[in-house]
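S.K.:
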DNA sequence: GATGAATGAGAATTCATTCAT
DNA sequence: TATGAATGAATTCTCATTCAT
């Protein structure tokens, strides 16, 4: 009769300990011993739940993208340009724990980004984001909330890049107080004027 | 009389070899032996020019920021909004070797970005960039090229963040073909509409 | 449940292997790999028990002084001058393994002896030895076994130095056959005449 | 026409710089660069005068023994036991620079003392010292300054060991204030009583 | 003769991973 | 299942020695 453990709960617990550890010391400076200690487990036990150190990081990052995608899917179609932009503003606000995760991501995958290995996954993700924005814009176009000559597909992708850029910028340099709500509002204002129908 | 060497030239040569090596294998996976071999030197020789591996990365990154600042300083004051935006578009185009450097930057400093150590340097850099854009906008405002109600200071910083965000996005995910000239044009178009004076 | 090891026994085993290795090759010429091999362990395992090479040497030397002090403490108060001198003779006889340890000591700490770092510990040790001899002499004086005008305190310390000097001499040059029992007897004889009451 | 340099003077200068350096940092911690800098020479230049680092130490030590032997040879035959003992006392006083040299000696040769390599040289030296003392004692015996039953040969060697032991003790632990003139006087007093003719 | 730039052998140390208990 | 002791591959860094200038 094997001891019954909830494999998933265990993995989640480990991942939560890992985020904290990685956030505090970085991926490369965190040892397996650190992770195990943070999770209150023995070193060997970690290997019962993850194949190796990299697998822990991967699982962590997968989870993040999964949550992102879910959040996106759950988002209601915005009724107005203003609502849409509010959504963008929200997307640009990154809580510190996610910011930490993004930094870990670059520490782990940074070097690999050049060779399309991880890149493909990301492409998919950003395509999804761009399409999501594009479809929202198309909808707003039909209801006359954005200027009629807008190439919604291109604009969607451009916005995805801009928003993601702000997210990156915030996550990576957010410790500096330069990137605050004011900046985001100003950016949103620029977007507003760039998207809305012209005229009075 | 001993061999006479140009210390600066030697360091430059090493740094150039290092960029290539780091770009190819990443900072953490590159060994001192790799760097030395890439530079056509013995392991020990590297240590005559750099105190250690981290110092190589630091010098590399310092150089990058130095060049960036210099480029900025050299930039002529843009006569028109269009010229200004062309400048932005240019700033968003990152050649692959600089992109590689940016990736190295995050691999090296990423974990440390949370604790304001490196952050301060970056703050200064982005302040500079924001002020630079702000001053250009102020000038454009006086010549009536941007809408008179623009808060040039805030807008300057917002643009700095957006541009830098695009640079990061491009550098980190640029391997995927999603981030191309089209995207940048679309983004610039949004900026244009967000900044220009309203009306017919 | 992990393997259970007796940390102390392990350290002792390592130290014993280390003495042999250091004795054979010297401290500086012995590598961690040598020590590990001699102890029948993997290189990394050593580091589970000692922080580094120096710590091994330190532990070795601490042990030696500990044993010395213990031996001293256990020594019975000598009933006669002859018994006292027999004790000195015994103290001057250094078994080869202790001699090796003394040589290691000088290799490790020799350069540091000038700056009173290690010196303080040694001072304490020799004070103890001197006081020990002094108290024995005082006792012998009360029972009329040494000449009544003897400054037992000074004489105690002088004997400590002389004995220690012989120990050092023996340990360092003992490989040469010059320092044998004959020498020690002759020295003891000189001490005898120098300490005993005068007269017929 | 080769540049004319006084090879001997150069070597002496280097050795003098080396003593200082070794005394300050120890043999193993002193690098060739340190020695060269201390001598005001280029690293490569050292190798024109000494085959390698060890040769420097060897020459240093040889010099020391040479001077010792010379001093001994120059010593006048002592007219009285008191004069003889004064000589011993003098021999036990070690100036700090010689003490440093002795410490270097043990750092360099310590490990090798077990295997009779260096030991043979030392044996010779101590034989010489013992014989020197023995011959002095024999002379003193003929003039009735020491007790007639003294085995001068054995006593000579014993004294050599004792004196050398005190020298070692002083050189190695001299930094501690324990080993002072008082100690030496007391030791000499013990010797005096051990050697002089008995009686009133 | 003099020099110090170049070198690479060699050493200490770390740490992901395995596996006996 | 759970553990942490054991391991050795891999890495950084030092420094005696060589040799082109």
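Chains as they are written, first to last, in our numbering: chain A, 85 to 284; chain B, 85 to 284; chain C, 85 to 284; chain D, 85 to 284.
All C-beta atoms in this analysis are idealised placements derived from N, C-alpha and C, irrespective of residue type, glycine included.
Using 8 Å as the Cβ pair cut-off and three pairs as the minimum, do the segment 114–129 of chain C and the segment 207–227 of chain D touch?
M.R.: Touching, no.
S.K.: Is the shortest distance between the beta-carbon of residue 144/A and the beta-carbons of chain B less than 9 Å?
M.R.: Answer no: the Cβ-Cβ gap between residue 144/A and chain B never drops below 9 Å.
S.K.: Just the C-alpha distance for residue 207/D and residue 256/D, rounded to the nearest angstrom, thanks.
M.R.: Their backbone Cα atoms lie some 20 Å apart in a straight line.
S.K.: At a CB-CB cut-off below 8 Å, which residues of chain B make contact with residue 250/A?
M.R.: Here the neighbours are 245, 246 and 249.
S.K.: Identify the continuous alpha helix (DSSP H) that holds residue 265/D and give its terminal residues.
M.R.: First-last of the alpha helix (DSSP H) with residue 265/D: 265–279.
S.K.: Looking at chain C, which residues of the segment 205–239 of chain D have a Cβ within less than 8 Å of any of its Cβ atoms?
M.R.: Result list: 206, 207, 210, 211, 214, 235, 238 and 239.
S.K.: Beta carbon of residue 218/D, beta carbon of residue 237/D: below 9 Å?
M.R.: Yes, Cβ-Cβ distance for residue 218/D and residue 237/D is below 9 Å.
S.K.: Once DSSP output is grouped into helix, strand and coil, what is the label at residue 110/C?
M.R.: Residue 110/C falls in the coil class under three-state DSSP.
S.K.: Compare the C-beta of residue 109/B with all C-beta atoms of chain A and state if any pair is closer than 9 Å.
M.R.: Cβ-Cβ to chain A under 9 Å: yes for residue 109/B.
S.K.: Could you say which of 181/C, 151/C and 142/C lies nearest to residue 104/C if we only look at CA atoms?
M.R.: Ranking the options by Cα distance to residue 104/C, first place goes to 181/C.
S.K.: What are the residues in the segment 146–170 of chain B lying within 8 Å of chain A by C-beta distance?
M.R.: Answer set for the segment 146–170 of chain B: empty.
S.K.: Which word fits residue 281/C, buried or exposed, when buried means at least 16 other C-beta atoms lie within 10 angstroms of its C-beta?
M.R.: Its Cβ having fewer than 16 others within 10 Å, residue 281/C is exposed.
S.K.: For the putative contact between residue 267/C and residue 242/D, defined by C-beta atoms under 8 Å, what is the C-beta separation to the nearest angstrom?
M.R.: At roughly 5 Å, the Cβ-Cβ gap stays under 8 Å, so residue 267/C and residue 242/D are in contact.
S.K.: With 16 other CB atoms within 10 Å as the buried threshold, where does residue 270/C fall?
M.R.: It counts as buried.
S.K.: Applying the 10 Å Cβ sphere with the 16-neighbour rule, what's the burial state of residue 186/C?
M.R.: The residue in question, residue 186/C, is buried, as its Cβ has 16 or more Cβ neighbours within 10 Å.
S.K.: Quick check on the DSSP output: the alpha helix (DSSP H) that includes residue 241/A runs from which residue to which?
M.R.: Segment 236–257, the alpha helix (DSSP H) holding residue 241/A.
S.K.: In angstroms with no decimal places, state the Cα-to-Cα distance between residue 85/A and residue 153/A.
M.R.: Any reading at residue 85/A must be qualified, since the residue scores a pLDDT of 43, below 50, and its modelled position is unreliable; the value itself is stated next. When rounded, the distance between both Cα atoms is 39 Å.
S.K.: For residue 245/D, tell me which candidate among 245/C, 244/C and 250/C has the shortest Cα-Cα distance.
M.R.: Nearest option by C-alpha distance: 250/C.
S.K.: Counting only runs of 3+ residues fully inside the segment 128–184 of chain D, write out the beta strand (DSSP E) ranges in chain order.
M.R.: Correct list: empty.
S.K.: Relative to the C-alpha of residue 279/C, which candidate in 176/C, 172/C, 229/C and 253/C has its C-alpha closest?
M.R.: Residue 279/C has its Cα closest to that of 229/C, out of 176/C, 172/C, 229/C and 253/C.
S.K.: Within the continuous alpha helix (DSSP H) that includes residue 118/D, where are the two ends?
M.R.: Run containing residue 118/D: 116–123, per the alpha helix (DSSP H) assignment.
S.K.: For residue 109/A and residue 195/B, which I take to be in contact (beta-carbon distance under 8 Å), what is that distance rounded to the nearest angstrom?
M.R.: Rounded, the Cβ-Cβ distance is 7 Å, consistent with contact.
S.K.: Closest by CA to residue 227/C, which one among 273/C, 168/C and 172/C?
M.R.: The residue with the shortest Cα to Cα distance from residue 227/C is 168/C.
S.K.: Answer yes or no: does any C-beta atom of chain D fall closer than 9 Å to that of residue 266/C?
M.R.: Yes, contact with chain D.
S.K.: Does the Cβ-Cβ distance between residue 191/B and residue 112/B come in under 9 Å?
M.R.: It is a contact, given that the beta carbons lie within the stated cut-off.
S.K.: Residues of chain D with CB closer than 8 Å to the CB of residue 139/C, please, in chain order.
M.R.: What residue 139/C touches in chain D: nothing, since even the nearest Cβ is about 17 Å away.
S.K.: Checking 9 Å against the spacing of the C-beta atoms, do residue 134/B and residue 121/B come in under that value?
M.R.: Contact flag unset, no.
S.K.: Measure the C-alpha to C-alpha separation of residue 91/D and residue 132/D and round it to an integer number of angstroms.
M.R.: Near 9 Å, if we compare the C-alpha coordinates of residue 132/D and residue 91/D.
S.K.: For residue 177/C, return the contacting residues in chain D, with the cut-off set at a CB-CB distance below 9 Å.
M.R.: The contacting residues do not exist; residue 177/C stays about 13 Å from chain D at best.
S.K.: Any beta-carbon of chain D closer than 9 Å to the one on residue 194/C?
M.R.: Output row for residue 194/C: interface = yes.
S.K.: Can you list, in chain order, the residues of its chain whose CB lies under 7 Å from that of residue 189/A, leaving out five sequence neighbours each side?
M.R.: For residue 189/A, where only same-chain residues beyond five positions count, the Cβ hits under 7 Å are 145.
S.K.: In the structure shown, what three-state DSSP assignment does residue 232/B receive?
M.R.: In this structure, residue 232/B counts as coil in the three-state DSSP scheme.
S.K.: Count the other C-beta atoms from every protein chain shown that fall within 10 angstroms of the C-beta of residue 164/A, then say buried if there are 16 or more, exposed otherwise.
M.R.: Exposed, because fewer than 16 other Cβ atoms sit within 10 Å of the Cβ of residue 164/A.
S.K.: Which of the three DSSP states, helix, strand or coil, is assigned to residue 208/A?
M.R.: Three-state DSSP puts residue 208/A in a helix.
S.K.: Would residue 162/B and residue 171/B qualify as a contact pair, given that the criterion is a beta-carbon distance under 9 Å?
M.R.: Yes. Within cutoff.
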